[in-house]
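Asker: Under this note's numbering, read the sequence shown as residues 947 to 999, first letter to last.
Beta carbons: idealized from backbone N, C-alpha and C, even for Gly.
Please read these numbers as outputs of a predicted model, since none were measured by experiment.
Structure below; questions to follow.
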Amino acid sequence: MINQAPETAVDYLEFCDAKSFQIIHNWNEAEHIVCVTAVKVGEVRLLDNILLN
947 MINQAPETAV DYLEFCDAKS FQIIHNWNEA EHIVCVTAVK VGEVRLLDNI LLN
């Protein structure tokens, strides 16, 4: 949905171990998980993260 907006592109969207920031592939791989993303909107690159558990 974000990629459909004009001049936007998702650089990455990953789920990581909140302590090591290593990418995880299974919810059981980490006690605490963070979702991290970067989205380009025009010339601006937006970074965000949220702790999921």
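#1: Going by DSSP in three states, Asn-974 sits in which element: helix, strand or coil?
#2: Can you name, in chain order, every residue of its own chain whose Cβ lies under 7 Å from the Cβ of Lys-965, other than the five neighbours on each side?
#3: Return the CA-CA distance between Asn-974 and Gln-950, expressed in angstroms with no decimal places.
#4: Considering only their Cβ atoms, is the gap separating Glu-953 from Val-987 smaller than 8 Å?
#5: Quick one: what's got a C-beta closer than 8 Å to Glu-989's C-beta in the same chain, skipping five residues either side?
Answerer: Put simply:
#1: Walking along the sequence shown from the start, residue 974 turns up at place 28. Asn-974 falls in the helix class under three-state DSSP.
#2: The residue you call residue 965 lines up with position 19 of the sequence shown. Closer than 7 Å at Cβ, skipping near neighbours: His-978.
#3: The sequence position of residue 974 within the sequence shown is 28, counting from 1. The sequence position of residue 950 within the sequence shown is 4, counting from 1. Cα to Cα, Asn-974 sits roughly 32 Å from Gln-950.
#4: The count along the sequence shown starts at 1 and reaches residue 987 at position 41. The count along the sequence shown starts at 1 and reaches residue 953 at position 7. In this structure, Glu-953 lies closer than 8 Å to Val-987 by Cβ.
#5: By 1-based counting over the sequence shown, the position of residue 989 is 43. There are no such residues.
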